[in-house]
Amino acid sequence: MARLPSGIAATLLNAVVAAATIFACSFVLVKAAGSPPNGVGPSPLSLILEHLPATLGLLALSTLLALGVGAALVSLTDRARGRLAKILLAGIAIGLRCVPFFWLALAAQLMVTIRLGTWYFGGEKSNHASPANYLLQLVVSGCLLALVQIPIVVQAFIAAAARSNSRNGLARVFSALEALAMRLPEVLAACLMTEIVLVWPGEGRLFLSATQVPWPALAIGVVLLTAVLTLILRVILRLAAPALRLRGELKNG
Amino acid sequence: MAKPWVALAIIAVTLAAIFVAGGSLQSYANMMDAPHFNGTALPPCFINSTACGGHILGTDEIGRDLLSRLIVGARSSLGLSFVGALCEFCILGLFVFGTRRGATVARLTIAPLADGISCYAAWPVVMVIASITFGESSLWRLATLSLAAGTVLAARAMTPGFDAPVTCRLAGSVIRDWATILLLLATIDFFGMGVQPPTPSWGNMLAKLQMLLQTSWWVAVFPAAFLFTAAVLLQLLGRAAISSGQP
Chain A
43 MARLPSGIAA TLLNAVVAAA TIFACSFVLV KAAGSPPNGV GPSPLSLILE HLPATLGLLA
103 LSTLLALGVG AALVSLTDRA RGRLAKILLA GIAIGLRCVP FFWLALAAQL MVTIRLGTWY
163 FGGEKSNHAS PANYLLQLVV SGCLLALVQI PIVVQAFIAA AARSNSRNGL ARVFSALEAL
223 AMRLPEVLAA CLMTEIVLVW PGEGRLFLSA TQVPWPALAI GVVLLTAVLT LILRVILRLA
283 APALRLRGEL KNG
Chain B
20 MAKPWVALAI IAVTLAAIFV AGGSLQSYAN MMDAPHFNGT ALPPCFINST ACGGHILGTD
80 EIGRDLLSRL IVGARSSLGL SFVGALCEFC ILGLFVFGTR RGATVARLTI APLADGISCY
140 AAWPVVMVIA SITFGESSLW RLATLSLAAG TVLAARAMTP GFDAPVTCRL AGSVIRDWAT
200 ILLLLATIDF FGMGVQPPTP SWGNMLAKLQ MLLQTSWWVA VFPAAFLFTA AVLLQLLGRA
260 AISSGQP
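From first to last, the protein sequence lines are chains A and B. According to this note's numbering, the first sequence is numbered sequentially starting from 43. According to this note's numbering, the second sequence is numbered sequentially starting from 20.
Quick look at the structure:
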């Protein structure tokens, strides 16, 4: 593997090349899609921005859940100190990676529907929308998305502990966030799927409608958004990581 | 050094067996079992041995044998994802060769490009390409989707923060990503943008998943179980190959 050049200037230069690559790929896709459909309506950008808060809210909740559950799992494994616990943890991680996520999401939705007798579809402003339904939908979607993030968080926690031989909570959390940012495309892909299947009113529903209509500019816009978000987070972390990691290790003594 | 070759030999033999079996079962897999079919999916023999009509895993909702469809589906699912994995292997192989010849050039050019491409979420990109090329000839389309998936995953494998694909670890890394491509293409098939019926694939067999889970669960569970098992086996094979390459 060729390591990226280090240093602030090199990181920024690399980010510019990466951003140019992202936009060039999207441009090629837009050109391949041909002319956009005629008609008057909202612009793709306004639609994407309108749905963005719901997606970010879901991501924030699932990240919090994943950090909490991941910390608990690692702490339990630390206490057990057994090889069996570690094998079990690795087995769960492989299992979660290998289950078709759309299948898992639909099964979860069906189970909740059967259990509660109802499912609040859409999250959109409709007459039967109640805050409790909205909250239930958010929590179920967050729990499902957290299943994708938990293996990443656990792996990062274990790697951080092995690297600095520490139990420093801050350093572990930072490592987990760094790992989540590096694998943000995977998390965002799962987020879009969760929104599609559990009818959460974020970018996922928008993306599915755009591919079915088809409205390529809108679909490519959603994909471009995921790439740009990832790149921004990666650049911030690459710039901040050395200082934060050093601080965590100093605190640790 | 022997382990990666053993893993590759196992994969080659399994793929060959699936292709031979799938080819001979193709016409049978699309036939309805008219004498036994009564309007609903026939259950597997281990649930009801008299009502199953001799179909070991039962039939789908229009009376086609599920086991033969799963074997034929394995051909499209594993075969197409293999094309993507092969594409990834070639890209990573060239990359490893390139970094040995000129590490600085790779550091300054290929690494930032890969960093950019790896920012894309894999299945949405493939879904966009699928929607753009929808209506084109089937084989070309499906190969394009598989190659796109392979390219995004290759870029991801080159990005710092992921396992370095170096020499014999490369094979293990690609085998693990084969599992990812398999699940990714199943997602595209599930949304009706990949392999088109009546040709079965493990993904498009799950298209009516929500309805089938309530009425005839075996039609919704077996394709998912095959997908899961194949993905787990590929992950474990990949891990074994990677660990064999470590000092």
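Beta carbons are placed, not taken as given, at the ideal position from N, Cα and C, and that holds for glycine.
Beta-carbon proximity check, residue i vs residue j, cutoff 8 angstroms
i                : j                : result
Ser183 (chain A) : Trp242 (chain A) : yes
Gly107 (chain B) : Gly41 (chain B)  : Here the sequence assigns Glu to residue 107 (chain B), which means Gly is not the residue at that position. Contact: no.
Arg10 (chain B)  : Phe38 (chain B)  : No answer is possible for residue 10 (chain B): the residues shown for chain B start at 20 and end at 266.
Leu222 (chain A) : Thr97 (chain A)  : no
Gly222 (chain B) : Ile200 (chain B) : no
Thr236 (chain A) : Leu186 (chain A) : yes
CB contact below 8 angstroms: residue i versus chain A
i                : result
Trp236 (chain B) : no
Val193 (chain B) : no
Leu246 (chain B) : yes
Ala93 (chain B)  : no
Met51 (chain B)  : no
Leu202 (chain B) : yes
Phe101 (chain B) : no
Ser262 (chain B) : no
Tyr139 (chain B) : yes
Ala198 (chain B) : yes
Cβ neighbour criterion (16 or more within 10 Å) applied to residue i
i                : result
Gly165 (chain A) : Low per-residue confidence applies at Gly165 (chain A): pLDDT is 46, beneath 50, and the placement is therefore not dependable enough to give any value.
Phe116 (chain B) : exposed
Ala28 (chain B)  : exposed
Glu228 (chain A) : buried
Lys167 (chain A) : With a pLDDT of only 46 at Lys167 (chain A), under 50, the local geometry of the prediction cannot be trusted, and no value is derived from it.
Thr253 (chain A) : buried
Glu155 (chain B) : exposed
Phe65 (chain B)  : exposed
Phe210 (chain B) : buried
Cys233 (chain A) : buried
Ser117 (chain A) : exposed
Glu245 (chain A) : buried
Gln254 (chain B) : buried
Trp257 (chain A) : buried
Run of the alpha helix (DSSP H) containing residue i, from where it starts to where it stops
i                : result
Asp134 (chain B) : 130-136
Arg83 (chain B)  : Here Arg83 (chain B) belongs to no alpha helix (DSSP H), and DSSP marks it neither H nor E.
Asn67 (chain B)  : Careful: Asn67 (chain B) lies outside any alpha helix (DSSP H) and carries neither H nor E.
Phe210 (chain B) : It is not in any alpha helix (DSSP H) - Phe210 (chain B) carries neither H nor E in the DSSP assignment.
Leu225 (chain B) : Counting along the chain, Leu225 (chain B) falls outside any alpha helix (DSSP H), and DSSP gives it neither H nor E.
Val147 (chain B) : 141-151
Trp242 (chain A) : Taken as a continuous stretch (DSSP letters only), Trp242 (chain A) belongs to no alpha helix (DSSP H), as it is neither H nor E.
Leu130 (chain A) : 125-140
Asn56 (chain A)  : 50-75
Phe216 (chain A) : 211-224
Ala53 (chain B)  : Premise fails: Ala53 (chain B) is in no alpha helix (DSSP H) and is neither H nor E.
Neighbouring residues, chain B, relative to residue i (Cβ below 7 angstroms)
i                : result
Ile136 (chain A) : Val251, Gln254
Phe249 (chain A) : Pro143
Any C-beta of chain E under 8 angstroms from that of residue i
i               : result
Leu71 (chain A) : Protein chains A and B are contained in the structure displayed, whereas chain E is not.
Residue-level contact to chain B via CB, residue i, 8 angstroms cutoff
i                : result
Phe199 (chain A) : no
Met43 (chain A)  : A caution first: Met43 (chain A) carries a pLDDT of 48, below 50, which makes its placement in the model too unreliable to give a value.
Ile50 (chain A)  : no
Ala261 (chain A) : yes
Ser168 (chain A) : Below a pLDDT of 50, predicted positions are generally treated as unreliable, and Ser168 (chain A), at 47, falls in that range; the measurement from the model is reported next regardless. No, because no Cβ of chain B sits closer than 8 angstroms to the Cβ of Ser168 (chain A).
Leu230 (chain A) : yes
Leu292 (chain A) : In this prediction, Leu292 (chain A) scores a pLDDT of 47, lower than 50, which makes its location untrustworthy; no coordinate-derived value is stated.
Cys185 (chain A) : no
Ala213 (chain A) : no
Arg125 (chain A) : no
Ile129 (chain A) : no
Gly164 (chain A) : In this predicted model, Gly164 (chain A) has a pLDDT of only 46, less than 50, meaning its place in the structure is not dependable enough to derive any value.
Pro243 (chain A) : no
Proximal residues of chain A, C-beta to C-beta of residue i below 8 angstroms
i                : result
Leu132 (chain B) : Val59, Ala60, Thr63
Thr206 (chain B) : Pro142, Phe143, Phe144, Met235
Ser43 (chain B)  : Ordered by position in chain A, no residue passes the 8 angstroms Cβ test against Ser43 (chain B), which lies about 27 angstroms from the chain.
Partner residues on chain A for residue i, Cβ-Cβ distance less than 7 angstroms
i                : result
Cys106 (chain B) : Those do not exist, as Cys106 (chain B) stays about 16 angstroms from chain A at its closest Cβ, beyond 7 angstroms.
Phe209 (chain B) : Phe144
Leu228 (chain B) : Trp145, Leu148
Ala243 (chain B) : Pro142, Trp145
Near the ligand FAD: residue i beta-carbon under 7 angstroms from a heavy atom
i               : result
Thr53 (chain A) : This structure lacks the ligand FAD; in fact it carries no ligand of any kind.
Contacts that residue i makes with chain B (C-beta to C-beta distance below 9 angstroms)
i                : result
Val195 (chain A) : Simply none; closest approach about 15 angstroms.
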